[in-house]
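Down below is the structure, laid out as structure tokens.
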Amino acid sequence: MGLKNLKWIYLIILSIVWGSSFILIKKALIGLTALEVGSFRIIFAAVFLILVGFKSISRLSLRQWKWIILSGFLGSFFPVYLFAYAETEIDSAIASILNATTPLLTLIFGALFFRSVFSQNKITGVIVGLLGTAGLIISGASINPDQNYMYSILVIMAAACYAMNVNILKTRMSDISPLGIAAGNFSVLFLPAVLILFLSGFFENVEFNDAFQFSILSVAILGIIGTGVAMIIFNKLVQISDPVFTTSVTYTIPVVALGWGVMDGEIFSFWQLISAFVILIGVFIVNKSKSLISRYRKQAI
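The numbering of the sequence shown is our numbering, which starts it at 105 and goes up by one.
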């Protein structure tokens, strides 16, 4: 199968898996705190990835480990906790749409730190996308006054971490296997996650009731499939595509997440739909340029 077809297959799989992650976070928060959800998500993913990727970890060089560590914290550790905290106050569907700012932030960080160049359509796309983001937050705050939309900033911070990470993956880690990156990332994150879980007071306060069991099941699926398996696919997609196409998964994710949100009774207004559509238009405008591919290939040589 050609790389062109393969990258679209990877994009569709990631859209379904990560689009379902937001509702799983919401369900995991029923019986667990945000710190516990984030920690268990990393722990489950780490155990799975270390088991399947042990040989890949052993092949990593000392030079590669510095990028593995940085990528692990930016691409997984911080976003996992930021999303868990964000969804204590905002709906899962809203979080997924705000996550669609990742391609815009990828472009901005690429220009600031990785020598990619802004074209006029990219600047237009960034402005349109940011306007849509502002509109989504404002319209959401008006229709759901009981939710604290300041927590939307946490999603933007997570998207910024993703954006920086994907630039690093493309320009500094193209010589590492996708499984090696994912397994290396989570072998580093395992102990910090266990430490945070311990400090959260989980072991003193845990109650093995139905809510806890349901939440653990949700976060186990989230960790193994939504994080472990998905990160291997994502890292492969980065290597066969360009950063902006790769992060385009963030504007197909909301389609799945919105479906889950509606089925779970989340309220979504007309103006929120309009704002979400504006964000997607902005990302589409950014993705119109093909010159970014050649620039990143030259940097990787």
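The C-beta atom is built at its ideal place from N, Cα and C for all residues, glycine as well.
Considering only Ala263, Ile120 and Ile280, the residue with the shortest C-alpha distance to leucine 186 is Ala263. Going by beta carbons, serine 200 and valine 360 fall inside the 9 angstroms limit. A Cβ-Cβ contact shorter than 9 angstroms links serine 119 with valine 353. For isoleucine 173, same chain residues with a beta-carbon under 7 angstroms away, outside a window of 5 residues either side, are Val292 in chain order. The continuous alpha helix (DSSP H) containing glutamine 168 extends over residues 166-176.
With respect to threonine 331, valine 151 sits apart: the two C-beta atoms are not nearer than 9 angstroms. Look at the stretch 216-252 and you find these whole runs of alpha helix (DSSP H), each 4 residues long or longer: 224-247. DSSP places alanine 204 outside any alpha helix (DSSP H), giving it a letter other than H or E. Going by C-alpha positions, phenylalanine 372 is about 16 angstroms away from alanine 238. Isoleucine 337 and isoleucine 113 have their C-alpha atoms roughly 10 angstroms apart.
When the alpha-carbon of isoleucine 241 is set against those of Thr275, Val270, Asn269 and Leu202, the nearest one is in Leu202. A straight-line Cα-Cα distance of about 30 angstroms links leucine 110 and methionine 261.
Apart from sequence neighbours up to five positions away, the residues of its chain that approach phenylalanine 126 with a beta-carbon distance below 6 angstroms are Ser196, Ala199, Ser200 and Ala361, ordered along the chain. For phenylalanine 372, there is no enclosing alpha helix (DSSP H), as DSSP gives it neither H nor E. Under the three-pair Cβ rule at 8 angstroms, the stretch 295-304 counts as touching the stretch 135-148.
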